[in-house]
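Residue numbers (the working numbering): 6 to 162.
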């Protein structure tokens, strides 16, 4: 399921970037930009922008569609090391918490940006901002859970 070209590069010790994985795999499969675009549900210029590294923030549904079009896994394509089902459930939790606070995350695939919308207005943010927020939220929850356990009576059966 992985690209032969990418496997060779990885054996040589080189890190293969998202953009290179897409282009290498497309060429390996003998597909045109248009064919991959149609299969992934985006435009051919968007695929070209992925391959050139111009688009860095890719929505999860587009990552899945792109991986399927290229016969790869999203985990391989994005170099994700964590369990995807856990990440999805926590991302959902984070988005619900933001919603309860009056915020919404808006993804614009074609123009490659992410917007945080709230009562203060709309602000462009990066994928790194979201990942940092997610990490900080997880750290805070771990701290609060530890605090609760320290101040609670142990339950045993």
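All C-beta atoms in this analysis are idealised placements derived from N, C-alpha and C, irrespective of residue type, glycine included.
Residue 147 burial status per 10 Å Cβ neighbour count (16 or more: buried): exposed
Minimum C-alpha distance to residue 133 - residue among 68, 23, 61: 61
Identity of the residues DSSP links to residue 112 by a beta bridge: 119
Cβ shell of residue 67 (< 8 Å), same chain only, five flanking positions each side left out: 45, 46, 47, 114
Three-state class that DSSP yields for residue 127 in the structure shown: strand
Residue 83 versus residue 21: straight-line alpha-carbon distance, rounded: 10 Å
Boundaries of the alpha helix (DSSP H) in which residue 132 is found, first to last residue: 132-155
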